[in-house]
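Sequence order for the protein chains is A and B. Residue 40 in the numbering used here sits at position 33 of the first sequence, with consecutive numbering throughout. Residue 21 in the numbering used here sits at position 14 of the second sequence, with consecutive numbering throughout. For each residue, glycine too, the CB sits at the ideal point set by N, CA and C. Here the structure is a predicted model, which is why all the values come from computation and not from measurement. Comments concern the structure below.
Number of protein chains: 2
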Amino acid sequence: MSLNKDGLNKKISIAVIRRLPRYYRYLADLLRMDITRISSKELSQRMGITASQIRQDLNCFGGFGQQGYGYNVELLYREIGNILGVSDRFTTIIIGAGNMGQALANYENFEKRGFTLIGIFDINPQIIGKKIRNVEIKHMNEMDDFCRDNHVDIAILTVPYQNIPEVAKKVASLGIKGLWNFSAMDLKLSYDDIIIENVHLSDSLMVLGYKLNERRKAEETKKAEEARKSEEVREAGEAKKAE
Amino acid sequence: MSLNKDGLNKKISIAVIRRLPRYYRYLADLLRMDITRISSKELSQRMGITASQIRQDLNCFGGFGQQGYGYNVELLYREIGNILGVSDRFTTIIIGAGNMGQALANYENFEKRGFTLIGIFDINPQIIGKKIRNVEIKHMNEMDDFCRDNHVDIAILTVPYQNIPEVAKKVASLGIKGLWNFSAMDLKLSYDDIIIENVHLSDSLMVLGYKLNERRKAEETKKAEEARKSEEVREAGEAKKAE
DNA sequence: TAGATTGTTAATCGATTAACAATC
DNA sequence: TAGATTGTTAATCGATTAACAATC
Numbered sequence: 008m009s010l011n012k013d014g015l016n017k018k019i020s021i022a023v024i025r026r027l028p029r030y031y032r033y034l035a036d037l038l039r040m041d042i043t044r045i046s047s048k049e050l051s052q053r054m055g056i057t058a059s060q061i062r063q064d065l066n067c068f069g070g071f072g073q074q075g076y077g078y079n080v081e082l083l084y085r086e087i088g089n090i091l092g093v094s095d096r097f098t099t100i101i102i103g104a105g106n107m108g109q110a111l112a113n114y115e116n117f118e119k120r121g122f123t124l125i126g127i128f129d130i131n132p133q134i135i136g137k138k139i140r141n142v143e144i145k146h147m148n149e150m151d152d153f154c155r156d157n158h159v160d161i162a163i164l165t166v167p168y169q170n171i172p173e174v175a176k177k178v179a180s181l182g183i184k185g186l187w188n189f190s191a192m193d194l195k196l197s198y199d200d201i202i203i204e205n206v207h208l209s210d211s212l213m214v215l216g217y218k219l220n221e222r223r224k225a226e227e228t229k230k231a232e233e234a235r236k237s238e239e240v241r242e243a244g245e246a247k248k249a250e
Numbered sequence: 008m009s010l011n012k013d014g015l016n017k018k019i020s021i022a023v024i025r026r027l028p029r030y031y032r033y034l035a036d037l038l039r040m041d042i043t044r045i046s047s048k049e050l051s052q053r054m055g056i057t058a059s060q061i062r063q064d065l066n067c068f069g070g071f072g073q074q075g076y077g078y079n080v081e082l083l084y085r086e087i088g089n090i091l092g093v094s095d096r097f098t099t100i101i102i103g104a105g106n107m108g109q110a111l112a113n114y115e116n117f118e119k120r121g122f123t124l125i126g127i128f129d130i131n132p133q134i135i136g137k138k139i140r141n142v143e144i145k146h147m148n149e150m151d152d153f154c155r156d157n158h159v160d161i162a163i164l165t166v167p168y169q170n171i172p173e174v175a176k177k178v179a180s181l182g183i184k185g186l187w188n189f190s191a192m193d194l195k196l197s198y199d200d201i202i203i204e205n206v207h208l209s210d211s212l213m214v215l216g217y218k219l220n221e222r223r224k225a226e227e228t229k230k231a232e233e234a235r236k237s238e239e240v241r242e243a244g245e246a247k248k249a250e
């Protein structure tokens, strides 16, 4: 539970939390454009949400704005960064250095957002020893020692479907508290002090497929409707002629 | 808009749609375990949601179950697959064959879910000509011709931040209707017949960071509370002694 | 038939939006 | 001071959950 501005425990809804990184990105864009202040109204137009929602969201954490002025972009950026723990530096390891694991290891944005990659593990001898952004891929059986010697906050799991239960159990036993799971299997662990974010890329792609189909269907319906109407007009014309 | 079971246009909420791929995955798991029937109650326990929600969700599309019996797993799996258009086969191209692009190109799950990769494009001469799962990486300037010769439903964008506006415009001009955007920039296009899914991996990671911090804070508060209490007990003991 | 479980309506809950007094 | 815009309360909207009659 987070302390809100009155120092009271107030549970902040997950819907609000999930919007914070998006605010953070938009504010970074504004900074890049040298925009120093912004009103909830203008931000709402850029982001495609209501100004009300922005003010409501931000006020879960404190009054970051100023009446008649709006919000100072840099201050707000820093505040949201603090809420998200960007400056807290989380240490991460990647387990599974296949395509996805390597892609994530190369993703420099994570560094900027407070996540430091300190280890990569796999079992494939062909890639062990290879370095990605100065981090060497090690064999899985070195992971125990590594985690004893280094504090690890988050394990990023990009191992195949069938290996997930075993790897998750191992990771839990090593005292790692955060799991970012890219495996196709939803991960649930009975240890209630472990926090898991499951990522299912293909879910998002399937939603896109659904929307495309809906659009296509709507267009077909529209076309059929138009065809029907023009047919009506034609028939009416013929009927008139026949009179 | 989807036709519901009464043949009426009923707008189905995006919240429901976004849960469908998850149902689909769980049903695939059940099939793999040779489970042929399931009740909303049992499925709810597996998935960690309410049985009410499952029945409510499924009934947006039709009565797939049977009173007293539950749902036939295979039938339900197929029905949800149809709703999501799994059998409709969407053709896709990947633009940007960096680490993420190549990782996605190698992701065999997409094939299973109805997405066929037919092209990969990049500008890096070092990787042009390389084949991923039998699809050759071509130069971006071949994309126009390619899209004229082949119908493309979806473009998967994994190009760097600064290139996104230009690439998106190009893609729109080629008549591609679905964009799956992995760039760090939110994509919005003014063409209202183009459908976009923005994916922001680091957003999800930041939410994980937030939750870890909350957990840590809660534990610290608890510890401080316990320390305070044991201090009270000690003081009470001393006060008694002093009497 | 009795038991189980759906489909569906009604009740509840929570999230979003609107409105406006406070204030810079 | 006048204008702008926040912080915050109240109203609305939509999504989730509960309940139960229908029915396999």
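Beta-carbon separation (whole angstroms), residue i vs residue j, contact threshold 8 Å
| i | j | result |
| --- | --- | --- |
| B/Ala162 | B/Ile183 | 5 Å |
| A/Ile42 | A/Leu50 | About 10 Å separates the two Cβ atoms, so there is no contact after all. |
| B/Gly126 | B/Phe153 | 6 Å |
| A/Val174 | A/Ile102 | 6 Å |
| A/Leu83 | A/Leu34 | 6 Å |
Environment of residue i [buried if 16+ CB atoms lie within 10 Å]
| i | result |
| --- | --- |
| B/Glu242 | exposed |
| A/Asp210 | buried |
| B/Leu186 | buried |
| A/Ser3 | Outside the shown range of chain A, which is 8 to 250, sits residue 3 of chain A, and nothing can be said about it. |
| A/Ser20 | exposed |
| B/Arg32 | buried |
| B/Asp64 | buried |
| B/Ser197 | exposed |
| B/Glu86 | buried |
| B/Val240 | exposed |
| A/Asn157 | exposed |
| B/Gln74 | exposed |
| B/Ser180 | exposed |
| B/Met150 | buried |
| B/Ala249 | exposed |
| A/Met40 | exposed |
| A/Thr228 | exposed |
| B/Ala22 | exposed |
| B/Thr57 | exposed |
Residue i, DSSP secondary structure in three states
| i | result |
| --- | --- |
| A/Tyr76 | coil |
| A/Leu181 | coil |
| B/Leu10 | Residue confidence for B/Leu10 is low, a pLDDT of 40 falling below 50, so the modelled location carries little weight; the figure read from the coordinates is stated next. The answer is strand: DSSP assigns B/Leu10 an E or B state. |
| B/Leu82 | helix |
| A/Gly126 | strand |
| B/Lys18 | coil |
| A/Lys138 | strand |
| B/Ala162 | strand |
| B/Ile202 | strand |
| A/Phe97 | strand |
| B/Tyr195 | For the sequence presented, residue 195 of chain B should be read as Lys rather than Tyr. In this structure, B/Lys195 counts as coil in the three-state DSSP scheme. |
| B/Ile45 | strand |
CA-to-CA distance, residue j to residue i, given in whole angstroms
| i | j | result |
| --- | --- | --- |
| B/Thr123 | A/Tyr217 | 15 Å |
| B/Gly77 | B/Phe71 | 9 Å |
| A/Phe128 | A/Gly88 | 29 Å |
| A/Lys137 | A/Ala104 | 10 Å |
| B/Glu245 | A/Ile201 | 40 Å |
| B/Glu204 | A/Arg222 | 14 Å |
| B/Asn66 | A/Arg44 | 48 Å |
| B/Leu27 | B/Arg235 | 49 Å |
| A/Val142 | A/Ile130 | 16 Å |
| A/Met107 | B/Glu238 | 51 Å |
| A/Glu81 | A/Asn220 | 42 Å |
| B/Ala231 | B/Lys176 | 56 Å |
| B/Lys247 | A/Asp199 | 40 Å |
| A/Asn113 | B/Val159 | 29 Å |
| B/Asp193 | B/Arg140 | 29 Å |
| B/Asn11 | B/Leu215 | A caution first: B/Asn11 carries a pLDDT of 43, below 50, which makes its placement in the model too unreliable to give a value. |
| A/Arg25 | A/Glu233 | 42 Å |
| A/Asn188 | B/Gln109 | 19 Å |
| B/Lys224 | A/Ser59 | 29 Å |
| B/Gln52 | A/Ala191 | 19 Å |
| A/Glu226 | B/Lys18 | 15 Å |
| B/Asp36 | A/Leu37 | 45 Å |
| A/Ser166 | B/Val166 | According to the sequence displayed, residue 166 of chain A carries Val and not Ser. A/Val166 and B/Val166: Cα-Cα distance of roughly 25 Å. |
Check: residue i C-beta below 7 Å from any heavy atom of the ligand GDP
| i | result |
| --- | --- |
| A/Leu215 | The ligand content of the structure shown is nil, which means the ligand GDP is not present either. |
- Query: For the segment 102-118 of chain A against the segment 85-93 of chain A, are there 3 or more C-beta pairs whose distance is under 8 Å?
  - Reply: no
- Message: Is it the case that the segment 167-177 of chain B contacts the segment 132-146 of chain B, given that we only count it when at least three CB pairs across the two stretches are under 8 Å?
- Response: no
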